[in-house]
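K.L.:
My structure is below; once you've seen it, I'll send some questions.
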Amino acid sequence: MAPCPRSDVPPGRLLLPLLCCAFASGSAAAMALQPPRITRLSTPAQTPQMGSNVSVSCEAESALPELTLLYWLGNGSFVEQLQPNVREGAVREETCGSLATLRRDLHFTPFSFQDLSTNFTCVALSPSGVDIRKLQWVPFGADPSNEGGGMG
21 MAPCPRSDVP
31 PGRLLLPLLC
41 CAFASGSAAA
51 MALQPPRITR
61 LSTPAQTPQM
71 GSNVSVSCEA
81 ESALPELTLL
91 YWLGNGSFVE
101 QLQPNVREGA
111 VREETCGSLA
121 TLRRDLHFTP
131 FSFQDLSTNF
141 TCVALSPSGV
151 DIRKLQWVPF
161 GADPSNEGGG
171 MG
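Each residue of the sequence shown is one higher than the last, beginning at 21 in my numbering.
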């Protein structure tokens, strides 16, 4: 077995690059452990009119976009198994620094009373965790600026 070649670089000069590498990999590992986070759920300001074509979107940030799933559920089931007028769009990814923003639209063609009574949920799932956001339709005739929304 041949001996390892000897470097003429003093050990002290190797310490700084090794520390930098260790810090960088530690930071990446710490970021990777953070679960995905849903940052935006865009919906129409008013409940869509019956028969109209409508799209809503869900955006999530993830440090592990290649291992993150972003999908929609309707009443706890995959939307493809729900009604034929509801479908998911493709996942779009935009990277900015160490985080990626994932976006997935949900399309209603056309919007129906059944859609109004369905509980739609956006799910961002990775090995490091999950984030869930429920879609809330503004009831007909309700003031969307009225946060309480109740009587009394």
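Glycine included, C-beta positions come from ideal geometry on N, C-alpha and C. Bear in mind the structure is a predicted one, so any value in this text is a computation, not a measurement.
Starting from L136, trace the alpha helix (DSSP H) in both directions and tell me its first and last residue.
P.N.:
Run containing L136: 133 to 136, per the alpha helix (DSSP H) assignment.
K.L.:
Could you tell me which uninterrupted beta strand (DSSP E) segments, each at least 3 residues in length, are contained entirely in the region 59 to 130, listed from first to last along the chain?
P.N.:
74 to 82, 89 to 94, 106 to 108, 112 to 116, 119 to 128
K.L.:
Would you tell me roughly how many angstroms separate the C-alpha atoms of L136 and R153, rounded to the nearest one?
P.N.:
17 Å
K.L.:
Using only the alpha-carbon positions, how far apart do V150 and T67 sit?
P.N.:
28 Å
K.L.:
Under the three-state reduction of DSSP, which class applies to S148: helix, strand or coil?
P.N.:
coil
K.L.:
Thinking C-alpha only, which one of S148, L84, W92, N105 is nearest S77?
P.N.:
W92
K.L.:
Does the beta-carbon of R112 have 16 or more other beta-carbons within 10 angstroms, so that it is buried, or is it exposed?
P.N.:
Looking at its Cβ environment, which holds fewer than 16 other Cβ atoms inside 10 Å, R112 is exposed.
K.L.:
For V158, name the three-state secondary structure that DSSP assigns.
P.N.:
coil
K.L.:
Is the Cβ-Cβ distance between S75 and F131 less than 7 Å?
P.N.:
no
K.L.:
Taking buried to mean at least 16 other C-beta atoms within 10 Å of its own C-beta, is G96 buried or exposed?
P.N.:
exposed
K.L.:
Are P55 and T88 close, meaning C-beta to C-beta below 7 Å?
P.N.:
no
K.L.:
Tell me the rounded alpha-carbon separation between Q69 and L53.
P.N.:
42 Å
K.L.:
Buried or exposed: which applies to S146, given that a residue is buried once 16 or more other Cβ atoms fall within 10 Å of its Cβ?
P.N.:
Buried, because 16 or more other Cβ atoms sit within 10 Å of the Cβ of S146.
K.L.:
Buried or exposed: G94, going by 16 or more other Cβ atoms within 10 Å of its Cβ?
P.N.:
buried
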